[in-house]
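S.K.: Heads up: the sequence lines are chains C and B, in that order. Using our numbering, you'd call the opening residue of the first sequence number 3 and step up by one each time. Using our numbering, you'd call the opening residue of the second sequence number 19 and step up by one each time. Even for Gly, the Cβ is constructed at its ideal location relative to N, Cα and C. All figures in this text were calculated on a predicted structure; none of them were measured in a lab.
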Amino acid sequence: MTTTSRRLPSRRTLVAIIAGVAVLALGALAFPRPPQLSTEVTGDAALASRVTELATTTDATRNTLSVALIENGRVTYAGLGADADTEFEIGSVTKTFTSALLADSIERGEVEADTTLGDLLDLGDSPAAGVTLEQLATHHSGLPRLPLETDVLVQTLLSQYRGTDPYQWDVDQLVVQARAAALTEPAVFDYSNFGVALLGQALAAAAGTDYATLIDTRIVEPLALADTSVPSEATNLAADAPTGFAASGRGSDAWTLKANAPAGGIRSTATDMAAYATALLDGTAPGAEALEPRTDAEGLGQIGLAWFITEPDGEGSGTEITWHNGMTGGFASFVGLDRANDRAVVVLSSTAVEVDQLGFALLEGNDK
Amino acid sequence: MIALLYPVIIVAVFAALTLTAVFVPRGAFAAKGRIDIVVSVLNFAAILVLARVLIAWTVLPPVVWLLFVAALAAAVVGAVLRWNSLPLVRTTRPAVRSWIYAGINVAVVVAVLVLVFG
Chain C
3 MTTTSRRLPS RRTLVAIIAG VAVLALGALA FPRPPQLSTE VTGDAALASR VTELATTTDA
63 TRNTLSVALI ENGRVTYAGL GADADTEFEI GSVTKTFTSA LLADSIERGE VEADTTLGDL
123 LDLGDSPAAG VTLEQLATHH SGLPRLPLET DVLVQTLLSQ YRGTDPYQWD VDQLVVQARA
183 AALTEPAVFD YSNFGVALLG QALAAAAGTD YATLIDTRIV EPLALADTSV PSEATNLAAD
243 APTGFAASGR GSDAWTLKAN APAGGIRSTA TDMAAYATAL LDGTAPGAEA LEPRTDAEGL
303 GQIGLAWFIT EPDGEGSGTE ITWHNGMTGG FASFVGLDRA NDRAVVVLSS TAVEVDQLGF
363 ALLEGNDK
Chain B
19 MIALLYPVII VAVFAALTLT AVFVPRGAFA AKGRIDIVVS VLNFAAILVL ARVLIAWTVL
79 PPVVWLLFVA ALAAAVVGAV LRWNSLPLVR TTRPAVRSWI YAGINVAVVV AVLVLVFG
């Protein structure tokens, strides 16, 4: 009896230890292994070295990077695990293309800055019908960031967990969402993917075509951006279309965004984005007027048509950077222009971790 | 940066609740039956599975994962050691209610995991 009572606790302790070790072993097997920054260098060695230095001193790991630095019309490329022709999702930098379409459509006389959404889309007498195109492009429409509908919110949340494209609505559904949308304060800056998606679809409607075709004919073809496209649907992607990594390190599906493509659906390369930035700097890009500041952007400085205008060294410092960033499920991007000094930078990353700090540092020529 | 820490805080809260349930014999959060312990450990394990795919490991040092796993291992060890000292279900309420609560809890955990990974 005494022997038995000593053995039972021993056996239980042994089972407990085995169970604990099994959990530790399983946990070790599942140890997170986020993507590491590639050491495979392409392009300019000095720029690549600088990018490596900056990327490894910021507080995140990344997979591949492709960078273009434009100075007085001369473009220098560098890549880590990617080259100047590697395709990336540019995410919300797409909004600068959409705003360029707006500026271009105004120049063509198709629309005006104060044309309302209701003039172009079937929004009935809903609050969104009275929103102007300029308000949409400057994020002063009062529309929420995303439609505040249960299916949208659930889909967005689930997609974040599953690493899938959350934007699965076609143009008709987008219009239905707009009809149901309530507005907050239109005079206040409030970043809205929903608003820019509607802007792009409204401009397409004004031109009598679809958004992808409008981007093709009015920006991609004039600037000869051979590897820039708006797939809009996953089925339009090439079988080997690159995908990236979420911030967790998990692989992410490609984002094509369907009707929300005007807010973030463009895929491009450093070569094409450098050509775009160069054309913006010299004023030859269609809709380059979009760069001009129009109103305040609450803590981000000023905003033009989608473009933010910020003084990174503090207000009154004299150095204005005109920029936009972007992020999808597996990619991050940054385009910044120092218009006064004829400089620009493009940063494309295949990991969904912000690259703004890297972009600003390259543009300013220091480590800030 | 702060937003990146929210999942970490949630995991830490579940770790604290589970370790309390397993190792603290009395009090509101103490396990009062084997079913309580199983549910508590299961919830923590499920949260860890979600954390594995949600936490920004590109930003947060992955070694933090080992701390979470060590907490779960400790909870499992504690659960095994306490097993024989606990009744199957707590005696302070009808057994059927404990089974219903446990069933709902397990169903919710399975549903969330299926939604995320299914």
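State the start and end residues of the unbroken alpha helix (DSSP H) segment that holds residue 80 of chain C.
M.R.: Per DSSP, residue 80 of chain C belongs to no alpha helix (DSSP H); it is in the beta strand (DSSP E), 76-82.
S.K.: Does the segment 305-314 of chain C come close enough to the segment 98-107 of chain C that 3 or more CB-CB pairs lie under 8 Å?
M.R.: Output reads yes: the segment 305-314 of chain C touches the segment 98-107 of chain C.
S.K.: Using the Cβ count rule (16 or more neighbours within 10 Å means buried), how would you classify residue 195 of chain C?
M.R.: Buried is the call here.
S.K.: How far does the beta strand (DSSP E) with residue 69 of chain C in it extend, from its first residue to its last?
M.R.: Here the beta strand (DSSP E) through residue 69 of chain C covers 67-73.
S.K.: What residues from chain B crowd round residue 353 of chain C, counting only those whose CB sits closer than 9 Å?
M.R.: Result: 76.
S.K.: For the alpha helix (DSSP H) holding residue 361 of chain C, just list the boundary residues, first then last.
M.R.: Looking at the DSSP string, the run of the alpha helix (DSSP H) that includes residue 361 of chain C is 358-366.
S.K.: For residue 155 of chain C and chain B, any beta-carbon pair shorter than 7 Å?
M.R.: Not one chain B Cβ lies under 7 Å of residue 155 of chain C.
S.K.: So with CB distances below 8 Å, who are the chain C contacts of residue 80 of chain B?
M.R.: Neighbours of residue 80 of chain B on chain C, chain order: 33, 34, 35, 36.
S.K.: Check for me: the alpha helix (DSSP H) holding residue 181 of chain C runs from which residue to which?
M.R.: First-last of the alpha helix (DSSP H) with residue 181 of chain C: 173-182.
S.K.: Curious, which full-length alpha helix (DSSP H) runs of at least 4 residues does the segment 120-205 of chain C contain?
M.R.: List check, alpha helix (DSSP H) in window: 135-139, 152-164, 173-182.
S.K.: Based on DSSP bridge pairs, tell me the residues matched to residue 345 of chain C.
M.R.: For residue 345 of chain C, which the question treats as bridged, DSSP gives the partners C:73, C:340.
S.K.: Kindly say whether residue 98 of chain B, judged by its beta-carbon, lies nearer than 7 Å to any beta-carbon of chain C.
M.R.: Yes - at least one Cβ of chain C is within 7 Å of the one on residue 98 of chain B.
S.K.: For residue 210 of chain C, which three-state DSSP category applies?
M.R.: Three-state result, residue 210 of chain C: coil.
S.K.: Pull up the distance between the alpha-carbon of residue 16 of chain B and that of residue 292 of chain C, whole angstroms please.
M.R.: Residue 16 of chain B lies beyond the range of chain B shown here (19 to 136); nothing can be said about it.
S.K.: Going along the segment 58-75 of chain B in order, which residues come within less than 7 Å of chain C, judged by CB to CB distance?
M.R.: The residues in question are 70, 71, 72, 73, 74, 75.
S.K.: Is the separation between the beta-carbon of residue 91 of chain C and that of residue 257 of chain C shorter than 7 Å?
M.R.: Cβ distance < 7 Å, so residue 91 of chain C and residue 257 of chain C count as in contact.
S.K.: So, is the C-beta of residue 253 of chain C closer than 7 Å to a C-beta in chain B?
M.R.: No, because no Cβ of chain B sits closer than 7 Å to the Cβ of residue 253 of chain C.
S.K.: Can you give me the start and stop residues for the alpha helix (DSSP H) that residue 65 of chain B sits inside?
M.R.: Its alpha helix (DSSP H) spans residues 52-72.
S.K.: Between which two residues does the alpha helix (DSSP H) harbouring residue 135 of chain B extend?
M.R.: Taken as a continuous stretch (DSSP letters only), the alpha helix (DSSP H) holding residue 135 of chain B covers 113-135.
S.K.: By alpha-carbon positions, which one of C:182, C:128, C:162 ends up nearest to residue 371 of chain C?
M.R.: For residue 371 of chain C there is no data in the structure shown, the boundaries of chain C being 3 and 370.
S.K.: Taking only the alpha-carbon atoms, compute the straight-line gap between residue 330 of chain C and residue 247 of chain C and give it to the nearest angstrom.
M.R.: In a straight line, the C-alpha of residue 330 of chain C is about 10 Å away from that of residue 247 of chain C.
S.K.: Using the DSSP secondary-structure output, state which residues sit across from residue 334 of chain C in a beta bridge.
M.R.: Its beta-bridge partners are C:329, C:351.
S.K.: Run down chain B in chain order and give the residues with a C-beta less than 9 Å from the C-beta of residue 64 of chain C.
M.R.: The contacting residues are 76.
S.K.: Using a Cβ cut-off of 8 Å, pull out every chain B residue sitting near residue 19 of chain C, in sequence order please.
M.R.: Per Cβ cutoff of 8 Å: 95.
S.K.: Quick one: grab the DSSP three-state call for residue 109 of chain C.
M.R.: Looking at residue 109 of chain C - three-state DSSP - the assignment turns out to be helix.
S.K.: Below 8 Å between beta carbons is the criterion; list the residues of the segment 318-343 of chain C that meet it against any residue of chain B, in chain order.
M.R.: Of all residues in the segment 318-343 of chain C, none has a Cβ within less than 8 Å of some Cβ in chain B.
S.K.: For the alpha helix (DSSP H) containing residue 96 of chain B, list its first residue and its last residue.
M.R.: Its alpha helix (DSSP H) spans residues 81-100.
S.K.: Would you call residue 31 of chain C buried or exposed, if buried means 16 or more other Cβ atoms sit within 10 Å of its Cβ?
M.R.: Result: exposed.
S.K.: Is there a C-beta anywhere in chain B that falls below 7 Å from the one on residue 250 of chain C?
M.R.: By this cut-off, residue 250 of chain C is an interface position.
S.K.: Going along the chain, which residues of its own chain have a beta-carbon closer than 7 Å to the beta-carbon of residue 343 of chain C, five neighbours each way excluded?
M.R.: If we look at residue 343 of chain C and ignore the five residues flanking it on each side, it has no Cβ neighbours.
S.K.: For the alpha helix (DSSP H) containing residue 433 of chain C, name the first residue and the last one.
M.R.: There is no way to answer for residue 433 of chain C, as the model of chain C reaches only from 3 to 370.
S.K.: So is residue 306 of chain C in contact with chain B if we call contact Cβ pairs under 7 Å?
M.R.: For residue 306 of chain C, the answer is no, since every Cβ of chain B falls outside 7 Å of its Cβ.
S.K.: From the beta carbon of residue 232 of chain C, is the nearest beta carbon of chain B less than 7 Å away?
M.R.: For residue 232 of chain C, the answer is no, since every Cβ of chain B falls outside 7 Å of its Cβ.
S.K.: Given the structure, does residue 304 of chain C come close to the ligand ZN, in the sense that its CB is under 6 Å from one of the ligand's heavy atoms?
M.R.: For the ligand ZN, the structure offers nothing, since it holds no ligand at all.
S.K.: Taking the beta carbon of residue 116 of chain C as the centre, do at least 16 other beta carbons fall within 10 Å, making it buried, or is it exposed?
M.R.: Residue 116 of chain C should be labelled exposed.
S.K.: Which residues, in order along the segment 142-169 of chain C, keep a beta-carbon less than 7 Å from a beta-carbon of chain B?
M.R.: Hits within the stretch, in order: 160, 163, 164.
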